[in-house]
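Residue numbers (this note's numbering): -7 to 856.
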């Protein structure tokens, strides 16, 4: 390449200066002489020629280059092409002067590239078009902003209408703003300007297209020259006219895939590619392989790829090798990748060596290749798509390239034969379900820089016995190691701030867990099902335990809760059947649903004074618990709170208790007595159901309702005091209280519901209040010891089976206001001999009442 020279300064008189004998003297634009060593001068064609012509012993080579630039160039030339230390800290203006000087002195290509690299990476890279314009001191001459933006977004290898060496080599806008350095002024030669861009990356060149028309032309020429150089075309080629391309050199050099991608983008009318080892590609036909053959991606149906159509465009004998096949895909798609779904469910594939130049493997590319045992990935691979090797059940090992920084979700899911995999050092994240179901994997070394492990990343790796988590790990997502049933211990790194739900759930062999001191909470089901875990030390700063955090840890006997714990979530210790006792911290205010359900070995627990709520079924099934004192601030006992605590003999209820909810003490068969506080207002369904040892209960005066089945099955209860304000007795309230001999009903009682005293077989008599208007179905069914009962005058209805099975009843008097008598009302009243009826009573309603044949109906005389 011819460089600009000024004939008036190619030589001259010795001006003196700082040179030593043997050095080559170079005169600056200011007249200062700068000494170059002979080795440095040898890298300049201009100086080498001058020395050859003159001997260089006398005089100095005259230039138009500033002295400072000459000195820097001398140091760089002396240090070698790779020694860029002399360029550190150079401004854009200084680099422009250095490039100008390098062209004036006609330095070698390596030195020129070093200067170009420093310019491009240090000053031009990562800047937008407007930023570059300001930096270069160029005013945009695009007619509109839309056209300027379009220039930056045009096809990568767009050419000018005239693509020869002189096309659009015009000066920049004549009135630029005050520049940092007007590069095109310093580099007055157009070749020098384009050489300065030799090491600019593609984004920078695209941004330069939006600076001005002239800079667009330069960027276009640099890009197109690169393409031509790569694929073996003359630098002045018109890319639109190229129809055939020989890629044999590209194949030999190992960059076939990359060059196929560039050809796809830059040669719009390419019809045929040859040089593929006996194969050629019909690119014209390839363009007609319809993209509509590609299915939509979704979770269950991964994409397919029109590989059959692509293969049909390859001409040659036999089956094309993988390199040629993927180069053909690159020509079609314009990407250096294995296309999504390309080889999905290809069960004939046993081993693959991926060609160089591939940068990514698409989603589901090799999914379901169940016969694939080994694959060799290229060094330049940077991206591995979701489901890439999912279900490759015969693959035993794989080595991932060093440049890979992330693994897509499900990438190796269900690779059930995979025993080992080497993860690259630069890997920063492992995606969702990446190694899900890799049941043969025994261990894996995680890189030091790993920061996150995605949901279910190693879930179901049932053969994994241990894993060392890197110190920098910050988050473990949902179910990361769920179901690693052979893992025996785990130490969580100090910097871990997030532990996902189910992170180590069902690690049934786990015996040791070390938690980081900085952890403030345990998430839902974090260690659920770790059935061999006997103890765990919780960090002092822990403030909450998530739902089911230790559920099913059936061997857990010892755990000390931190003093600052304020909340225990739903089912946190559910099923911890070996836990005998636990001390709850004083700060605890909330105890979640099912918190200690099924802790069948727990004998006692001390509840903190500040506890405000006990969740539903909190102590359900704690069958060894003998007693409990509830805190003063508790106002209600939740549903099934102590359900099935069959060893509980006593319970101390707080004075402020207002309600006992559904089944609160259901099945507490050892409970002998309970003192209900004066402020209690309601007892819900089955609150004391099955408390078969309970002998007596005094209900407080303020109680307004007794729930259905409230004392059902309290077979030892002999008496109960009902409050005066009670207006109804609910369904089966005292069902099966077989030891109850008598009960006094309050005067204001208006109704007795279904089966209220069903099976109270020891009840001999009962006085019904005068305000009672109805008796529910089976209300006194099975009261086999009852001999008589006085029905109040205002009673209007008797339900079905009300006195059924009252086998000791001998007589009964029906009230005058009775309007209905239910079917089977007296069924099984085998001792009933007399029924007194009021005058005018319609005895027809007795027909369905199952009155025994022996009973005599006695009508009272009519009053005249």
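Every residue gets a Cβ at the ideal spot worked out from N, C-alpha and C, and that includes glycine. These figures come from a predicted structure and were not determined experimentally.
State the DSSP-derived secondary structure class of residue 839, mapped to helix, strand or coil.
Residue mapping note: residue 839 aligns to position 847 of the chain shown, counting from 1. Residue state, collapsed to three classes: coil.
Here's the rule: buried if 16 or more other CB atoms are within 10 angstroms of the residue's CB, otherwise exposed. What is residue 376?
Stepping through the chain shown from its first residue, residue 376 is reached at position 384. Looking at its Cβ environment, which holds 16 or more other Cβ atoms inside 10 Å, residue 376 is buried.
DSSP state of residue 266 mapped onto helix, strand, coil
Stepping through the chain shown from its first residue, residue 266 is reached at position 274. If DSSP states are grouped into helix, strand and coil, residue 266 belongs with the strands.
Secondary structure of residue 846, DSSP reduced to three states
Numbered from its first residue, the chain shown carries residue 846 at position 854. Judged by DSSP in its simplified three-state form, residue 846 adopts coil rather than helix or strand.
Going by DSSP in three states, residue 124 sits in which element: helix, strand or coil?
Residue numbering aside, residue 124 sits at position 132 when the chain shown is read from its first letter. Helix, per DSSP.
Go ahead and label residue 598 buried or exposed: buried means 16 or more other beta carbons lie within 10 angstroms of its beta carbon, across all protein chains shown.
Start at 1 with the first residue of the chain shown, and residue 598 comes out as number 606. Exposed.
Residue range of the alpha helix (DSSP H) that includes residue 256
By one-based count along the chain shown, residue 256 stands at place 264. Unbroken alpha helix (DSSP H) run through residue 256: 248 to 258.
How many Å lie between residue 936 and residue 110 at the Cα?
Missing from the structure shown is residue 936; the chain here goes from -7 to 856 and no further.
Residue(s) in a DSSP beta bridge with residue 513:
On the chain shown, residue 513 is found 521 positions in, with the first residue counted as 1. Beta-bridge pairing links residue 513 to 536.
What would DSSP say about residue 28, mapped onto helix, strand or coil?
Translated into positions along the chain shown, residue 28 becomes position 36. Strand at residue 28.
Limits of the unbroken alpha helix (DSSP H) element including residue 110:
Within the chain shown, numbered from 1, the residue matching residue 110 stands at position 118. Looking at the DSSP string, the run of the alpha helix (DSSP H) that includes residue 110 is 101 to 111.
Name the DSSP beta bridge partners of residue 53, please?
Here residue 53 refers to the residue found at position 61 of the chain shown. Its beta-bridge partners are 18.
Quick check on this structure: which residue in 396, 190, 829, 200 has the alpha carbon closest to the alpha carbon of residue 134?
For the purposes of this step, residue 134 is taken as the residue at position 142 of the chain shown. That would be 200, whose Cα lies nearest to the Cα of residue 134.
Per-residue burial, residue 564 [other beta carbons within 10 Å of its own, 16 or more giving buried]:
As a working mapping, residue 564 is identified with position 572 in the chain shown. It is buried - the Cβ of residue 564 has at least 16 other Cβ atoms within 10 Å.
Using 8 Å as the threshold, is the C-beta distance between residue 501 and residue 479 below it?
Start at 1 with the first residue of the chain shown, and residue 501 comes out as number 509. Start at 1 with the first residue of the chain shown, and residue 479 comes out as number 487. Taking 8 Å as the Cβ cut-off, residue 501 and residue 479 qualify as a contacting pair.
How is residue 619 classed by DSSP in three states: helix, strand or coil?
As a working mapping, residue 619 is identified with position 627 in the chain shown. Residue 619 falls in the strand class under three-state DSSP.
Pick from 652, 609, 374 that is closest to residue 637, judged by C-alpha positions:
The residue labelled residue 637 in the question sits at position 645 within the chain shown. It is 609.
Per-residue DSSP class, three states only, for residue -1:
On the chain shown, residue -1 is found 7 positions in, with the first residue counted as 1. Confidence in residue -1 is poor, its pLDDT being 33 and thus under 50, which makes the residue's placement unreliable; the coordinate value appears in the next sentence. In the structure shown, residue -1 sits in a helix (DSSP, three-state: H, G or I).
Count the CB pairs spanning the region 256 to 272 and the region 342 to 351 that are closer than 8 Å, and state whether there are at least three.
Segments in contact, no.
Expressed to the nearest angstrom, what Euclidean distance is found between the alpha-carbon atoms of residue 384 and residue 426?
Reading the chain shown from its first residue, position 392 is the one you call residue 384. Reading the chain shown from its first residue, position 434 is the one you call residue 426. Near 13 Å, if we compare the C-alpha coordinates of residue 426 and residue 384.
Does the separation of the CB atoms of residue 679 and residue 693 fall below 8 Å?
Along the chain shown, read from residue 1 onward, the residue named residue 679 stands at position 687. Along the chain shown, read from residue 1 onward, the residue named residue 693 stands at position 701. In this structure, residue 693 does not lie closer than 8 Å to residue 679 by Cβ.
What residue range is occupied by the uninterrupted alpha helix (DSSP H) comprising residue 197?
Along the chain shown, read from residue 1 onward, the residue named residue 197 stands at position 205. Run containing residue 197: 194 to 200, per the alpha helix (DSSP H) assignment.
Hey, could you find the ends of the alpha helix (DSSP H) residue 209 is sitting in?
Your numbering for residue 209 matches position 217 in the chain shown. In the DSSP assignment, residue 209 falls within the unbroken alpha helix (DSSP H) covering 205 to 223.
By DSSP's criteria, residue 767 is part of a beta bridge. Which residues make up the other side?
Working through the chain shown from its first residue, we reach residue 767 at position 775. Paired residues: 744, 790.
From the DSSP output, read off the bridge partner residues of residue 412.
To locate residue 412, count along the chain shown from 1; it is residue 420. 389.
Among the residues of its own chain, which have a CB less than 7 Å from the CB of residue 452, if the five just before and after it don't count?
Numbered from 1 along the chain shown, position 460 holds the residue referred to as residue 452. For residue 452, same chain residues with a beta-carbon under 7 Å away, outside a window of 5 residues either side, are 428, 429, 431, 475 in chain order.
Exposure label - residue 26; buried when at least 16 CB within 10 Å
If you number the chain shown from 1, residue 26 lands on position 34. It is buried - the Cβ of residue 26 has at least 16 other Cβ atoms within 10 Å.
Using the three-state DSSP reduction, which class does residue 139 fall into: helix, strand or coil?
If you number the chain shown from 1, residue 139 lands on position 147. Here residue 139 sits in helix by DSSP.
With hydrogens ignored, establish whether the beta-carbon of residue 210 is closer than 7 Å to any heavy atom of the ligand GTP.
By its list of ligands, the structure shown contains no ligand whatsoever, and the ligand GTP lies outside what it can speak to.
Exposed unless 16 or more other CB atoms sit within 10 angstroms - verdict on residue 405
Taking the first residue of the chain shown as position 1, residue 405 is located at position 413. Buried: at least 16 other Cβ atoms inside 10 Å.
Given a cut-off of 8 Å on the beta-carbon distance, is the pair residue 234 and residue 225 in contact?
Here residue 234 refers to the residue found at position 242 of the chain shown. Here residue 225 refers to the residue found at position 233 of the chain shown. It is a contact, given that the beta carbons lie within the stated cut-off.
Three or more C-beta pairs closer than 8 Å, one from the region 208 to 215 and one from the region 299 to 317: is that the case here?
no
Using beta-carbon positions only, say whether residue 487 and residue 518 come within less than 8 Å of one another.
Locating residue 487 in the chain shown gives position 495, where the first residue counts as 1. Locating residue 518 in the chain shown gives position 526, where the first residue counts as 1. No, the Cβ-Cβ distance between residue 487 and residue 518 is not below 8 Å.
Can you tell me which of 658, 722, 566 puts its alpha carbon nearest to the alpha carbon of residue 632?
Here residue 632 corresponds to residue number 640 of the chain shown, with the count starting at 1. Checking every option, the nearest Cα to that of residue 632 belongs to 658.
Considering only their Cβ atoms, is the gap separating residue 196 from residue 84 smaller than 8 Å?
On the chain shown, residue 84 is found 92 positions in, with the first residue counted as 1. On the chain shown, residue 196 is found 204 positions in, with the first residue counted as 1. It is not a contact, given that the beta carbons lie outside the stated cut-off.
I'd like the list of long-range same chain contacts for residue 627, defined as Cβ closer than 7 Å, with 5 residues on each side in sequence excluded.
Position 635 of the chain shown, counted from the start, is the residue given in the question as residue 627. So the list reads 648, 649, 650, once near-sequence residues are dropped.
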